[in-house]
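As numbered in our numbering, residues 9 to 424 make up the sequence shown, in order. Cβ coordinates follow ideal geometry from the N, Cα and C atoms, glycine included.
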Amino acid sequence: MATRRSRGDGGLHWDDKRQRWIATASLGFLPNGKRNVKRASGKTKTEAKNKLKKVLRDYEDGLAIAPTGYTVKDAVTDWLTYGHSGLAAGTVRTDKSMCENHVIPDLGARKLRDLSADDVDKWLATKAEVLSTRSLEVIHSCLNRAVKRAMARDKVKRNVVELCSVPTGRPGRPSKSLTLAQAEAVLKAAEDSPHYAYFVVSLLTGGRTEEMRPLRWDHVDLEGDPNADPPIPPYIAVWRSVRSSGDTKTRKSRRTLALPSRAVDALKVQRKRQKQQRIKAGDKWKETGLVFTSTVGTELYAISVRREFRKVIARAAELLPKIEPYTFEHETEPGAFSSDHSAHPLVPENWTTRETRTSFVSILSDKGIPLEEISRLVGHSSTTVTETVYRKQIRPVIQTGATAMDEIFGTPTPEP
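Below, the structure written as structure tokens:
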């Protein structure tokens with residue numbers, strides 16, 4: 009004889025409207041006094057019971073509030089909405105773009121509970137065919153942080169994304185530097201540009217683009233103090249950046265740089281141009297105290313500077329003879345290439361404003377300036393980054409050792 013289920017054990021019934029078996033279990037009462045009932049459905053009695061068992065296990069594991077239909081898209085959207093407090097606007101834009109273009113379209117429809125490490129591995133492997141390693145790291149990080157946030161809110165048991173490593177993606181665009189001749193052509197071509205002073209100061213001081221755009225006139229001295237002991241040359245104080253905190257990238261990035269004469273002249277031209285822009289803009293002018301501004305006094309956008317720089321590159325290319333593509337057989341050491349190479353051609357779309365900085369490092373290195381001094385000038389915390397990333401010196405032969413040995417042992421007398 010069948011026994012009656014105990015009170016609270018739930019039940020199993022057929023739903024004519026849904027054409028499915030419904031398994032239920034009562035788990036006491038909610039704070040509002042209503043009964044806490046968990047349900048699961050299936051095409052068969054066994055399927056409904058098994059699903060209910062899974063729901064009850066989740067409840068026991070602390071996932072009582074997790075909706076069964078919660079997707080990867082829901083988790084990512086929640087993270088983009090509430091998980092970016094205090095981050096820079098640029099970081100928020102980048103994360104949103106990466107999620108909308110790479111995470112949500114591929115994994116968004118997947119239920120978060122069903123997302124497996126294999127799913128993430130296959131997704132990253134597919135993306136590795138079209139994205140650089142750095143971009144793969146970004147999309148992996150975005151998904152990882154979104155799932156971690158969901159896990160902290162009892163939407164999923166564990167974060168499988170943390171178990172997956174980032175594969176090697178497509179090679180990124182290598183950084184380049186201008187040759188001395190190319191740099192001269194760029195400076196000449198920039199004379200008619202509205203950002204002339206920006207390009208001159210960037211190229212001749214090695215400042216980061218994020219440090220040049222927020223540079224203020226009260227951090228610029230175009231006269232110096234020749235009567236001081238020792239004399240103080242004209243200088244700029246690189247104390248700010250466009251980062252959310254306003255601070256420079258590192259502690260050593262906060263530095264004061266003497267200005268070459270050409271940069272002093274360019275800044276004097278900029279001051280005159282800005283006065284004319286202020287008069288022309290009238291009431292539309294925004295007084296910000298910035299050195300490099302738009303036509304109404306506001307801070308420049310990185311994209312507008314890059315667009316203008318590429319126009320300058322195009323004009324500079326016309327001032328130089330045709331340049332063969334850059335090729336080399338091997339690297340002798342980081343930053344020093346074999347002798348069978350030529351300069352990068354001045355193709356506008358292949359250049360960005362930040363490469364005025366690598367050009368500054370490379371030209372100084374080619375001139376024989378010690379790496380330690382160059383590192384101080386560009387505000388690096390050590391010479392390692394200067395050597396392996398920024399120095400693309402044009403002269404392939406490192407002469408220090410040979411010169412020292414000639415001084416020590418002398419040179420042989422030429423044969424008659």
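Asked                                                                                                       : Found
Host beta strand (DSSP E) of K294 (start-end)                                                               : Neither: K294 is in no beta strand (DSSP E) and is coded neither H nor E.
Beta carbon of K184 nearer than 8 Å to that of T306                                                         : no
Backbone secondary structure at G50 - three-state DSSP                                                      : strand
Simplified DSSP state of G19, which is helix, strand or coil                                                : strand
Secondary structure of K119, DSSP reduced to three states                                                   : strand
Identity of the residue in T134, D291, G376 and M159 nearest D82 by Cα                                      : M159
Cβ pair V84, A197 closer than 8 Å                                                                           : no
Coil, strand or helix - T134 by DSSP                                                                        : helix
Whole-angstrom C-beta distance between T264 and F317, which should lie under 8 Å                            : Not quite, the Cβ-Cβ distance comes to about 25 Å (not below 8 Å), so this is no contact.
Residues near T213 by beta carbon distance below 6 Å, same chain, minus five either side                    : L265
For G290, the nearest candidate out of A97, T303 and L354 (CA to CA)                                        : T303
Spatial distance of N152 from T296 (CA atoms)                                                               : 40 Å
Cβ pair I321, P356 closer than 8 Å                                                                          : yes
Outcome for E199 when other beta-carbon atoms lying within 10 angstroms are tallied against a minimum of 16 : exposed
T176, enclosing alpha helix (DSSP H) - first and last residue                                               : That residue, T176, is in no alpha helix (DSSP H); it is neither H nor E in DSSP.
C-beta contact flag for V169 and R270 at 8 Å                                                                : no
Contact set for L308: own chain, Cβ-Cβ below 7 Å, skip 5 residues either direction                          : R221, F300, T301 and S302
In DSSP terms, what D229 is bridged to                                                                      : Y243
Exposure of K135, with buried meaning 16 or more beta-carbon neighbours within 10 Å                         : buried
Residue environment, R216, which counts as buried when at least 16 other CB atoms sit within 10 Å           : buried
Straight-line Cα distance separating H110 from L230                                                         : 48 Å
Proximal residues to W359 (C-beta, below 6 Å), its chain only, five neighbours per side dropped             : I321
P234, buried or exposed, once every other Cβ within 10 Å from all chains shown has been counted against 16  : exposed
First and last residue of the uninterrupted beta strand (DSSP E) at T264                                    : R263 to A266
Where the alpha helix (DSSP H) through E219 begins and ends                                                 : T217 to M220
Enclosing alpha helix (DSSP H) for D82 [first to last residue]                                              : V80 to Y90
Which of helix, strand or coil DSSP assigns to R166                                                         : coil
Y90 classed as buried or exposed, judged by whether at least 16 other C-beta atoms fall within 10 angstroms : exposed
Exposed unless 16 or more other CB atoms sit within 10 angstroms - verdict on A31                           : buried
Residue burial classification, K42 (beta-carbon count within 10 angstroms, cutoff 16)                       : exposed
Bridge partner(s) assigned by DSSP for A31                                                                  : L20 and A48
Pick from D23, L120, I112 and I147 that is closest to K51, judged by C-alpha positions                      : D23
Three-state secondary structure assigned by DSSP to I331                                                    : Because I331 carries a pLDDT of 46, less than 50, the predicted location of this residue cannot be relied on, and no value is offered for it.
Residues near R118 by beta carbon distance below 7 Å, same chain, minus five either side                    : T79, V80 and D127
Straight-line gap, V164 to M106 (C-alpha atoms, nearest Å)                                                  : 23 Å
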